[in-house]
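If you read the protein sequences in the order shown, they are chains Y and R. Each residue of the first sequence is one higher than the one before, starting from 298 at the first, in the numbering used here. Each residue of the second sequence is one higher than the one before, starting from 9 at the first, in the numbering used here. For glycine and all other residues, C-beta sits at the position ideal for the given N, C-alpha and C. Taking it in order: structure first as structure tokens, then the write-up.
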Amino acid sequence: MSLNLLLKVWRQAGPADEGRFETYTPRDVNEDMSFLEMLDVVNEDLIAQGKEPIAFDHDCREGICGSCGVVINGIPHGPKKMTTTCQLHMRNFKDGDTIVVEPWRATAFPVIKDLIVDRSPLDRIIQAGGYITAPTGAARDGNEILVPKPTADLAFEAAACIGCGACVAACPNGAGQLFTAAKIAHLNLLPQGQPERWSRTVAMVDTMEEYFGSCTNYTECEAACPKGISIDFIAKMNRDYLKAKFKDRRQTTKVDTSEAGA
Amino acid sequence: MPGLDAHIPPGPLEEKWTTARFETKLVAPQNRRKFEIIVVGTGLAGGSAAATLGEMGYNVKVFCFQDSPRRAHSIAAQGGINAAKNYKNDGDSVHRLFYDTIKGGDYRSREANVHRLAEISLQIIDQCVAQGVPFAREYGGLLDNRSFGGAQVSRTFYARGQTGQQLLLGAYQALERQIDAGTVKMYPRHEMLDLVVENGRAVGIITRDLVDGTIARHSAHAVVLATGGYGNVFYLSTNAKGSNVTAAWRAHKKGAYFANPCYTQIHPTCIPVSGDYQSKLTLMSESLRNDGRIWVPKDKNDRRNPNDIPEGERDYYLERMYPSFANLVPRDVASRAAKRMVDEGYGVGPLKNGVYLDFKTAIERLGRNVIEQRYGNLFDMYANISGEDPYRQPMRIYPAVHYTMGGLWVDYNLMSNLPGLFVLGEANFSDHGANRLGASALMQGLADGYFILPTTIAGELANFLNQPVPSTDSPAFVEAENGVREQINRLLTINGKRSVDSFHRELGQLMWDYCGMARNRQGLETALQDIEALRQEFWRDVRVLGGEATLNQSLEKAGRVADFFELALLTCQDALHREESCGGHFREEHQTPEGEAQRDDEHFAYVAAWEYCGPGKPANLHKEDLVFENVHLAQRSYK
Numbered sequence: 298m299s300l301n302l303l304l305k306v307w308r309q310a311g312p313a314d315e316g317r318f319e320t321y322t323p324r325d326v327n328e329d330m331s332f333l334e335m336l337d338v339v340n341e342d343l344i345a346q347g348k349e350p351i352a353f354d355h356d357c358r359e360g361i362c363g364s365c366g367v368v369i370n371g372i373p374h375g376p377k378k379m380t381t382t383c384q385l386h387m388r389n390f391k392d393g394d395t396i397v398v399e400p401w402r403a404t405a406f407p408v409i410k411d412l413i414v415d416r417s418p419l420d421r422i423i424q425a426g427g428y429i430t431a432p433t434g435a436a437r438d439g440n441e442i443l444v445p446k447p448t449a450d451l452a453f454e455a456a457a458c459i460g461c462g463a464c465v466a467a468c469p470n471g472a473g474q475l476f477t478a479a480k481i482a483h484l485n486l487l488p489q490g491q492p493e494r495w496s497r498t499v500a501m502v503d504t505m506e507e508y509f510g511s512c513t514n515y516t517e518c519e520a521a522c523p524k525g526i527s528i529d530f531i532a533k534m535n536r537d538y539l540k541a542k543f544k545d546r547r548q549t550t551k552v553d554t555s556e557a558g559a
Numbered sequence: 009m010p011g012l013d014a015h016i017p018p019g020p021l022e023e024k025w026t027t028a029r030f031e032t033k034l035v036a037p038q039n040r041r042k043f044e045i046i047v048v049g050t051g052l053a054g055g056s057a058a059a060t061l062g063e064m065g066y067n068v069k070v071f072c073f074q075d076s077p078r079r080a081h082s083i084a085a086q087g088g089i090n091a092a093k094n095y096k097n098d099g100d101s102v103h104r105l106f107y108d109t110i111k112g113g114d115y116r117s118r119e120a121n122v123h124r125l126a127e128i129s130l131q132i133i134d135q136c137v138a139q140g141v142p143f144a145r146e147y148g149g150l151l152d153n154r155s156f157g158g159a160q161v162s163r164t165f166y167a168r169g170q171t172g173q174q175l176l177l178g179a180y181q182a183l184e185r186q187i188d189a190g191t192v193k194m195y196p197r198h199e200m201l202d203l204v205v206e207n208g209r210a211v212g213i214i215t216r217d218l219v220d221g222t223i224a225r226h227s228a229h230a231v232v233l234a235t236g237g238y239g240n241v242f243y244l245s246t247n248a249k250g251s252n253v254t255a256a257w258r259a260h261k262k263g264a265y266f267a268n269p270c271y272t273q274i275h276p277t278c279i280p281v282s283g284d285y286q287s288k289l290t291l292m293s294e295s296l297r298n299d300g301r302i303w304v305p306k307d308k309n310d311r312r313n314p315n316d317i318p319e320g321e322r323d324y325y326l327e328r329m330y331p332s333f334a335n336l337v338p339r340d341v342a343s344r345a346a347k348r349m350v351d352e353g354y355g356v357g358p359l360k361n362g363v364y365l366d367f368k369t370a371i372e373r374l375g376r377n378v379i380e381q382r383y384g385n386l387f388d389m390y391a392n393i394s395g396e397d398p399y400r401q402p403m404r405i406y407p408a409v410h411y412t413m414g415g416l417w418v419d420y421n422l423m424s425n426l427p428g429l430f431v432l433g434e435a436n437f438s439d440h441g442a443n444r445l446g447a448s449a450l451m452q453g454l455a456d457g458y459f460i461l462p463t464t465i466a467g468e469l470a471n472f473l474n475q476p477v478p479s480t481d482s483p484a485f486v487e488a489e490n491g492v493r494e495q496i497n498r499l500l501t502i503n504g505k506r507s508v509d510s511f512h513r514e515l516g517q518l519m520w521d522y523c524g525m526a527r528n529r530q531g532l533e534t535a536l537q538d539i540e541a542l543r544q545e546f547w548r549d550v551r552v553l554g555g556e557a558t559l560n561q562s563l564e565k566a567g568r569v570a571d572f573f574e575l576a577l578l579t580c581q582d583a584l585h586r587e588e589s590c591g592g593h594f595r596e597e598h599q600t601p602e603g604e605a606q607r608d609d610e611h612f613a614y615v616a617a618w619e620y621c622g623p624g625k626p627a628n629l630h631k632e633d634l635v636f637e638n639v640h641l642a643q644r645s646y647k
């Protein structure tokens, strides 16, 4: 079945441009199309008219790379729960709907062009400690480290984060807690992650605070997360952060590892 | 003409890698910081290589076109990663993994490379566990395994249906650690647009900053390409939209040989096309074939709901044709069987373009919970895309382009014929022969990046100790940069009528029709003409709007599609010259009476490495003879 839609899309030529909504009425929208395929159709039309197509980030189009993400009618990734924009299909909309499409709105994520934002602060948080130091070649046999299944499963739930930034976009404060907590939980739950647990938690949280707003428990992040990451992980992060602060301060100072192996 | 020399170490198969590690020159720790290395691509191969080189103390520059290195398409790999751990005590060994991979590749890969891959598979799992990759576990805390196509043992390690994501995050996190430490400098949203070659040696690259259009020169003592495969030449594939051949193709045009481009893998279990707006095809992991049964109705005109079709009226054709491997035959065999069913009119679904993958018996046997645990995310994805509930009615699946076994030619050390240029992962050609087995791509990417390249690259770098990084002011750099600028200007000034995507779709259709799951001489000759004509039309009539000094996605796509055209021509040339069927290359003229691939070992047991000879000219063939000392070449049988 084909849908008639009124599309209001945020267009912004560059970071310095003010930006504005433009209205489109895409033809031949089919309910089996994904949301991004619908934007492809709009773009083909725009090119035919000699107008610049809408810029948006996307890559795998199967909901795992975390590249895509726009705010659809006020909701990051749109109306369907636990679904990325690329996996949102047009059967979730009705004939005659008006759809407002905007980029992620957050101080930490400045707009680059149209619907594309700069999410590099998320990488900075990982750089601060979102890893287990395990230089290549130094590992013992995989089965020598026993991980109870419930622990492995919970760590996996946290590790399922795709780093899309919807949690930040959903938060009235533009906070980065859910993203940060998910990575901290993934690593802090596992036996392999224990040696760096306290320094990791402090370094990641402090780096997060440099870029993002504060968490005041709106819990919008969990609702918007396409992977269903639980806010329980934020509680766990806060607990670990507090514990880390009680530990020996010297242990929480970040160790310079630049010469490791060299 | 003497064949290409792959520099395979002498001695027994099991000792070659040990020999190589001892014979290869070393770069001492205090000298490593004197070397600059460029890595292009941040998937499993590039990400793991860059992280490891950084840890070792080299200065590394890393480039990716995505906004973060974590988004490379390795992330989408679902099913798992093979390793010959034999944790299941079911008779697995390094030699069996080696043998399965050679056989699965239809005897068109190098014994020495494949054996090394099987050996290193053990270390990869250990490395990833140490990094905190949350592999599936048994209740006792031990690692779990499952089985996969082309094998009769359980050797596949997995993290639900998101194994690629978890392995990539492991490599990405190790990479970010090095970025923080300052050994690696990361350039996201950058695309490599040319390789710079000076006196026959790779000395650097030209890049475009995708945000502001800046063209820049980067030089290094070695250049490592880990830029993935070229499946998007078919437009519709399971690859990410951004996956492209440009880095590898530009290297080819600068002298690197391109090997076996016609070996393209069609994955048997993808969601069928639903309409002409389709932008990509979505894979349903091969692991589903562990518990799902593939069938079509025995009656071509049976339009009943699949659940209403009684057992006796279903044709479980894989179980019928291949009783010992049944639903777990290798990918090429499963794909061709599905094509045969659909071509003969047994297809299911509104467009009659799929076959059923049914979980009813598995759900009855194991319970819905177990199936949900194993494949939950895949079932959700299927429901999202198709609008149907796979717990209640069988999935509809059909083959789609998934992986490319061909790629830039490399020797045993993963160095191309251009000294200083190394190629890793899917971008090279080396380990999978004419067909890749499931759960082997992740293994190869990580073997190349974590373990092989960091060893072999030293052998090349050691020759250049205390030599400065090549100057970016040399004529070679100037010329390369000018070439890049000229092409961008040309694309922006054609001002034609057709969009880049419309050309790409048409190219993809030609490739799928004539150089897809089955090929023949007449079709390939037609394709060569039609593709060349379309390529010329592209350069006359493409419309690329927007400017150069800004983020311009149409311009990015246009450059990639221009390269896909040229690669498509080479792929058809390669497919035409290979007068045999093997793995993913099925020539209709060469099949057994039962319709299986018919190899010609006497004439084609070689790697076809093509040399670029200038625009519009056929490429020049170089052969690397494949020598089999440890396996007996046989017609593959999965019956």
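Any beta carbon from chain R within less than 7 Å of residue i's own beta carbon?
{"i": "T433(Y)", "result": "yes"}
{"i": "D329(Y)", "result": "yes"}
{"i": "Q489(Y)", "result": "yes"}
{"i": "E319(Y)", "result": "no"}
{"i": "K533(Y)", "result": "no"}
{"i": "G460(Y)", "result": "yes"}
{"i": "D529(Y)", "result": "no"}
{"i": "A436(Y)", "result": "yes"}
What does the alpha-carbon distance come out to for the pair residue i and residue j?
{"i": "C523(R)", "j": "L486(Y)", "result": "49 Å"}
{"i": "Y115(R)", "j": "Q599(R)", "result": "16 Å"}
{"i": "A248(R)", "j": "R78(R)", "result": "13 Å"}
{"i": "L175(R)", "j": "T60(R)", "result": "15 Å"}
{"i": "I422(Y)", "j": "V192(R)", "result": "16 Å"}
{"i": "V431(R)", "j": "N252(R)", "result": "15 Å"}
{"i": "I214(R)", "j": "A442(R)", "result": "32 Å"}
{"i": "G158(R)", "j": "K111(R)", "result": "9 Å"}
{"i": "K540(Y)", "j": "I429(Y)", "result": "19 Å"}
{"i": "E686(R)", "j": "G603(R)", "result": "Outside the displayed span of chain R (9 to 647) sits residue 686(R), for which this structure offers no information."}
{"i": "I351(Y)", "j": "P312(Y)", "result": "15 Å"}
If you follow the beta strand (DSSP E) that residue i is part of, which residue opens it and which one closes it?
{"i": "F165(R)", "result": "162-165"}
{"i": "D366(R)", "result": "363-366"}
{"i": "K347(R)", "result": "K347(R) -> not in any beta strand (DSSP E); alpha helix (DSSP H) instead, spanning 339-351."}
{"i": "W401(Y)", "result": "Careful: W401(Y) lies outside any beta strand (DSSP E) and carries neither H nor E."}
Answer with buried or exposed for residue i, where buried requires no fewer than 16 other C-beta atoms within 10 angstroms of its C-beta.
{"i": "T222(R)", "result": "exposed"}
{"i": "A14(R)", "result": "buried"}
{"i": "T26(R)", "result": "exposed"}
{"i": "A346(R)", "result": "buried"}
{"i": "D509(R)", "result": "buried"}
{"i": "K378(Y)", "result": "exposed"}
{"i": "A36(R)", "result": "exposed"}
{"i": "F30(R)", "result": "exposed"}
Hey, would you say the C-beta of residue i is under 6 Å away from at least one heavy atom of the ligand ATP?
{"i": "P601(R)", "result": "Looking for the ligand ATP in the displayed structure turns up nothing, as the structure carries no ligands at all."}
Using a C-beta cutoff of 7 Å, does residue i count as contacting chain Y?
{"i": "K249(R)", "result": "yes"}
{"i": "Y285(R)", "result": "yes"}
{"i": "G239(R)", "result": "no"}
{"i": "L559(R)", "result": "yes"}
Taking residue i as part of the alpha helix (DSSP H), name the residues at either end of that continuous run.
{"i": "P418(Y)", "result": "417-426"}
Between the stretch 355-376 of chain Y and chain R, which residues of the former have CB atoms less than 7 Å from a CB of the latter, in chain order? Here the close residues are H355, D356, C357, R358, E359, G360, I361, C362, G363, S364.
Taking a Cβ distance cut-off of 8 Å, strictly less, list which residues of the stretch 388-415 of chain Y are near chain R, in chain order. R388, I409, K410, I413, D415
Along the stretch 438-450 of chain Y, where does the CB come closer than 7 Å to a CB of chain R? Name the residues. D438, G439, N440, I442, L443, V444, P445, K446, A449
Check distances from the C-beta atoms of the stretch 128-151 of chain R to those of chain Y and list, in chain order, the residues that come in under 9 Å. L130, Q131, I133, D134, Q135, C136, V137, A138, Q139, G140, V141, P142, F143, A144, R145, E146, Y147, G148, G149, L150, L151
Can you give me, in chain order, the residues of the stretch 72-87 of chain R that have a beta carbon less than 7 Å from any beta carbon in chain Y? Q74, D75, S76, R78, R79, H81, I83, A84
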